[in-house]
Amino acid sequence: MNPTLDPAATAWLLAATALVLLMTPGLAIFYGGMVRSTGVLNMLMMSFISIPLVAVVWLLFGYTLAFGDDAGGGIIGNLGHLGLSGIDPATLHVVNSSTGAAVPELLYVTFQLTFAILTVALISGAIADRAKFAAWVIFVPVWALIVYAPIAHWVWTPNGWLQRLGTLDYAGGLVVEIASGASALAMALVLGPRVGFKVDAMRPHNLPFVLLGAGLLWFGWFGFNAGSALQANGIAAAVFLNTLVAGCVGMLGWLVVELRRDGKPTTFGAASGAVAGLVAITPSCGEVNTLGSVVVGLVAGVVCSFAVGWKFKGNYDDSLDVVGVHFVGGIVGTLLIGFLASAVMTGGPKGLFYGGGLGQLGKQALGVLVVAAFAFGVTFALGKLLDKTIGFRVSREDEIGGVDFALHAETAYAEGVHGHSGGHSVKRLSDGPFS
């Protein structure tokens, strides 16, 4: 059957691609509001610089390594599309094997690129306020090639070994959330805790930014999840609804915990709970029904609200709770597929609660363990290599004075200080060479 262009699917995927790309600026604002006022510009830049860096390596090497024909063993793609060779505007990517409906492959390349950009940007939250920007610039493209591309191949290509095994991940619980979360833990350990960790409060300096960023992420998440249907059909609509529901219930679950534990619901908790629900539904949005999305969102909101505090007991400084929300939330959503997968959504595999036995749960658990171990191990090695060679952490003086001025010769606010500064002295813009 010769593939034919599906105009509806193409139009939807164009819109979804734009939505997913917006998530990275949304993440920048979300993270920027969470840090202290002396590190907000650096936090924004760590997300924004990921866009061009990943774009370049994705077009040259990343796409073919992740989605090229299998090079053997389901481990990595071949170099058949090196530099996008063999792909032109007329090349189509089949999205429905039974009808031959297809979208332009260049559009599929771009859609997948936006996922890779966001994934590596997520890691930056774990090393906020203390990472050298130059080291981050090297880390980003290398990580995208040696960690993200292989995992994407394992999970999302027909010959990937986890795909053949039957592990389910609709839109990125393994590839995006667990990969970035495990990598974030590795980098937090490589760089060590911030000055004042467990002593200073280190509160978010701009909660309206946090809520705005969460809203942009939620908006973009519809493209992230429903766009992964690759078609404008009923499954895309169901995934869209599941995404909305899980975000809502995740927020409610987190706030209920705050009310019982702390006595007051917080805006920060509302934003975090919504993101936790969205993280957990990402792998399962195309595998569970609407009732299942309620369970996924609720469990994620509750579990992640406790998980963000584990860093104080484990003594790892995950600055912006990437581990507690993305890693833990990704695990929750991926494992719950083994309980809640519905044949109506999956087209076959069923979870334990729908008569499928323990088989699917075992496949999900194996996927979690393998992806987490691989991402953590490779990222830890990469981080250590960069730290031993060029150094990955700023000096103590620059960290206390503020990484914005030290690394970018700028401050976010006219007076150099806005909101809580964590109790440390802060270098004002007027103290610098531009006064």
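Sequential numbering of the sequence shown, starting at 117, is according to the working numbering. In this text, a Cβ means the ideal position worked out from N, Cα and C, and glycines have one as well.
Can you list, in chain order, the residues of its chain with a C-beta nearer than 8 Å to that of residue i? Leave out the 5 residues immediately preceding and following it.
| i | result |
| --- | --- |
| Trp-277 | Gly-189, Gly-190, Ile-191 and Trp-270 |
| Met-461 | Ile-351, Ala-354, Gly-402, Glu-403, Val-404 and Asn-405 |
| Pro-257 | Leu-169, Val-170, Val-172 and Val-173 |
| Ile-267 | Leu-290, Val-291, Ala-295, Val-487, Phe-490 and Ala-491 |
| Val-136 | Phe-227, Thr-230, Phe-231, Leu-234, Gly-336, Gly-339, Phe-340 and Gly-343 |
| Pro-324 | Gly-149 |
| Val-415 | Gly-369, Ala-396, Val-448 and Leu-452 |
| Gln-480 | Thr-283, Leu-284, Thr-450, Leu-451, Ile-453 and Gly-454 |
Suppose contacts are defined by Cβ-Cβ distances below 8 Å. Is residue i in contact with residue j by that definition?
| i | j | result |
| --- | --- | --- |
| Ala-132 | Gly-289 | no |
| Ala-287 | Pro-465 | no |
| Thr-120 | Gly-216 | yes |
| Met-303 | Ile-262 | no |
| Ala-525 | Asp-514 | no |
| Leu-477 | Gly-463 | no |
| Thr-283 | Gly-148 | no |
| Ala-396 | Met-367 | no |
| Val-306 | Phe-496 | yes |
| Gly-363 | Gly-445 | no |
| Gly-507 | Ala-251 | yes |
| Val-391 | Val-441 | yes |
| Leu-346 | Val-211 | yes |
| Phe-428 | Lys-314 | yes |
| Val-108 | Val-361 | Lying outside 117 to 551, the shown extent of the chain, residue 108 is not represented and no answer is given. |
| Gly-241 | Ser-421 | no |
Under 8 Å by Cβ, that's how I've got residue i and residue j pegged, so tell me the actual separation to the nearest angstrom.
| i | j | result |
| --- | --- | --- |
| Thr-450 | Ile-294 | 7 Å |
| Asp-433 | Pro-309 | 4 Å |
| Gly-417 | Gly-393 | 6 Å |
| Thr-126 | Val-225 | Their Cβ separation, rounded to whole angstroms, is 13 Å, which puts Thr-126 and Val-225 out of contact at 8 Å. |
| Leu-456 | Gly-467 | 5 Å |
| Arg-552 | Arg-509 | No statement about residue 552 is possible, as the shown extent of the chain runs from 117 to 551 and does not include it. |
For residue i, which residues from the same chain have a beta carbon less than 6 Å from its beta carbon, with the 5 sequence-adjacent residues on both sides left out?
| i | result |
| --- | --- |
| Tyr-470 | Ser-458 |
| Val-439 | Gly-297, Ala-300 and Leu-301 |
| Ala-265 | Gly-178, Leu-181 and Ala-182 |
| Leu-176 | Gly-199 |
| Phe-249 | Leu-523 |
Report all residues from its chain with a CB closer than 7 Å to the CB of residue i; omit the five preceding and five following residues, and keep chain order.
| i | result |
| --- | --- |
| Ala-488 | Ile-294 and Ala-298 |
| Ile-167 | Thr-140 and Ile-233 |
| Leu-130 | Leu-223 |
| Phe-560 | Because the chain here runs from 117 to 551, residue 560 falls outside it and cannot be looked at. |
Validate contact between the stretch 150-164 and the stretch 175-189 using beta carbons, cut 8 Å, 3 pairs = Segments in contact, no.
So does the stretch 376-389 actually touch the stretch 397-409, counting three or more Cβ pairs closer than 8 Å?
-> Under the Cβ criterion (8 Å, minimum of three pairs), the stretch 376-389 does not count as touching the stretch 397-409.
Along the chain, which unbroken stretches of the alpha helix (DSSP H) at least 4 residues long are found entirely within the stretch 300-360?
-> The qualifying runs are 323-342.
Pairing CB atoms from the stretch 329-339 with CB atoms from the stretch 140-151, are three or more of them under 8 Å?
-> Yes, they touch.
Entirely enclosed alpha helix (DSSP H) segments - the stretch 230-285, minimum 4 residues | Runs found: 249-259, 265-272 and 277-281.
Which whole runs of the alpha helix (DSSP H) in the stretch 392-430 are 4 residues long or more, in chain order?
-> Within the stretch 392-430, the complete alpha helix (DSSP H) runs of at least 4 residues are 406-423 and 426-430.
Which whole runs of the alpha helix (DSSP H) in the stretch 441-472 are 4 residues long or more, in chain order?
-> The stretch 441-472 is shown to contain whole alpha helix (DSSP H) runs of 4 or more residues at 444-456 and 459-462, in chain order.
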